[in-house]
Amino acid sequence: MYICNRSDSYLTNMRRDIFQAIADPTRRAILVLIAVQAITPNAIADHFDTTRQSISKHLRILSECDLLAQKQEGREIFYELKIDKMKEIDVWLDQFRKIMEERFQQLDQLLNTLKNKK
Amino acid sequence: MNLLFDFTVDRATNTIHITREFAADLDLVWDAFTKAEILDQWTAPKPWRVRTKEMDFREGGRWLYAMITPEKTHWSLAEFTEIKPKSSFSSRNSFCDENGNAISDGFSLTKNSFKAGTETTTVHIEKKFNKLSTLEMMVSGGYKEGLAAGLNNLDEYFLTLVTNK
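If you're matching them up, the sequences are chains A and B in order.
Read in our numbering, the first sequence has 54 at position 54, and its numbers run on one by one without any break.
Each number in our numbering comes from the position in the second sequence (counting from 1) with 1000 added on.
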């Protein structure tokens, strides 16, 4: 069962939501389509072999995770990507990069010490 | 010395590629990545410490270690799947309890490759996460609390300065 925590003040949960959203390859493909231009659910479904029902489910998950904005034009609903939300993933990856950077600097110092002991 | 550090992420395959150069010969760098007494000295982001409980560096062997602060202990396991001495080794990494039993379904597959240069040794690390949330767990498990603890240390340091005035 899919649970989406919508507590906006608690950043950690918000991030977990986004990671769950992009864990699925179909949802990642949908995000790529929406990133290019605002698009209707029917136009999205045309790109996949799966059922419209399944695409609706993926769109619902992405919406619940606050990655999509909807706009009404006439009788059609268009989905747009909320760019700011996607940036949170980059923040995580950047933190990981920093951890590694710091560890390697510790190793640099250690290697220096070990070399001098030789 | 300006040492190469390259970090790229392939989101489609949940894989992180890291290339880092070290100013030491291959023998020393290989030891630093494979011997517990050296690993313990550098693999934890400050102010965390790493303490090895078991290290059996051979194919089928494992490294069971803990990330420690005065308040918390996080256990991790690396199971060695392939070792080519002084060239590369691969492991399956996961979070566990103190006996090495898995505590989540998250894991990563890591391959470390070593290449000797004239004055430096280059290490390439390929880390594939079974899902992106595992990476998130890794970051939140160690770094965020580590950072908070670091800030606490800073608070104490400032307090010492004020008291000594």
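Yeah, the Cβ is synthetic: ideal placement off N, Cα and C, and Gly gets one too.
Exposure label - residue i; buried when at least 16 CB within 10 Å
i, result
"B:D1010", "exposed"
"B:T1121", "buried"
"B:V1043", "First, the residue type needs correcting, since residue 1043 of chain B is Thr and not Val in the sequence shown. It is buried - the Cβ of B:T1043 has at least 16 other Cβ atoms within 10 Å."
"B:P1045", "buried"
"B:K1127", "buried"
"A:L91", "First, the amino acid is wrong: residue 91 of chain A is Val here, not Leu. Under this definition A:V91 is an exposed residue."
"A:A21", "buried"
"A:V32", "exposed"
"B:V1029", "buried"
"A:I30", "buried"
"A:A45", "buried"
"B:S1076", "buried"
"A:I61", "buried"
"B:S1094", "buried"
"A:S56", "exposed"
Below-8 Å beta-carbon distance, residue i vs any chain B residue
i, result
"A:E76", "no"
"A:R52", "no"
"A:L110", "yes"
"A:R27", "no"
"A:E101", "yes"
"A:A23", "yes"
"A:I104", "It is Phe, not Ile, that sits at residue 104 of chain A in the sequence shown. True, the Cβ-Cβ gap to chain B drops below 8 Å."
"A:K124", "Since the first residue shown for chain A is 1 and the last is 118, residue 124 of chain A is missing from the structure and cannot be characterised."
"A:L33", "no"
"A:L81", "no"
Sequence-distant residues of the same chain with beta carbon closer than 8 Å to residue i, five excluded per side
i, result
"B:T1034", "F1057 and F1089"
"A:T40", "E76, I77, F78 and Y79"
"B:A1023", "M1001, L1003, E1119 and T1120"
"B:K1131", "N1014 and G1106"
"A:N116", "none"
Cβ of residue i within 8 Å of any chain A Cβ
i, result
"B:V1009", "yes"
"B:L1077", "no"
"B:L1028", "yes"
"B:F1005", "yes"
"B:I1038", "yes"
"B:Y1143", "Confidence in B:Y1143 is poor, its pLDDT being 43 and thus under 50, which makes the residue's placement too unreliable to answer from."
"B:R1049", "no"
"B:K1128", "no"
"B:A1024", "yes"
"B:K1035", "no"
"B:A1066", "no"
6 Å CB neighbourhood of residue i in its chain, flanking five on each side removed
i, result
"A:D84", "none"
"B:A1036", "T1052 and M1055"
"B:A1032", "I1038"
"A:I34", "Y79 and L81"
"A:D94", "none"
"B:I1016", "V1009 and K1127"
"A:A38", "F78 and E80"
N-terminal and C-terminal residue of the alpha helix (DSSP H) that residue i is part of
i, result
"A:K57", "R52 to E64"
"A:I30", "P25 to V36"
"B:N1130", "First-last for B:N1130: undefined, no H or E at that position."
"B:N1099", "Premise fails: B:N1099 is in no alpha helix (DSSP H) and is neither H nor E."
"A:I44", "P41 to A45"
Own chain residues within Cβ distance below 7 Å of residue i, not counting five before or after
i, result
"B:T1019", "L1004, D1006, T1122 and H1124"
"B:E1079", "R1062, S1091 and R1092"
"A:R28", "I22"
"B:K1111", "S1088, S1090 and E1126"
"B:I1068", "W1048, R1049 and R1051"
Range of the contiguous beta strand (DSSP E) that encloses residue i
i, result
"B:N1112", "A1102 to A1116"
"B:N1093", "S1088 to C1096"
"A:I77", "E76 to L81"
"A:L68", "L68 to E73"
Within the stretch 1009-1052 of chain B, ranges of the alpha helix (DSSP H) (whole runs, at least 4 residues): Counting only runs of 4 or more, we get 1026-1034 and 1036-1042.
3 or more residues per run - each beta strand (DSSP E) lying fully within the stretch 1062-1087 of chain B: Runs of the beta strand (DSSP E) lying entirely within the stretch 1062-1087 of chain B and spanning at least 3 residues, in chain order: 1062-1068 and 1073-1084.
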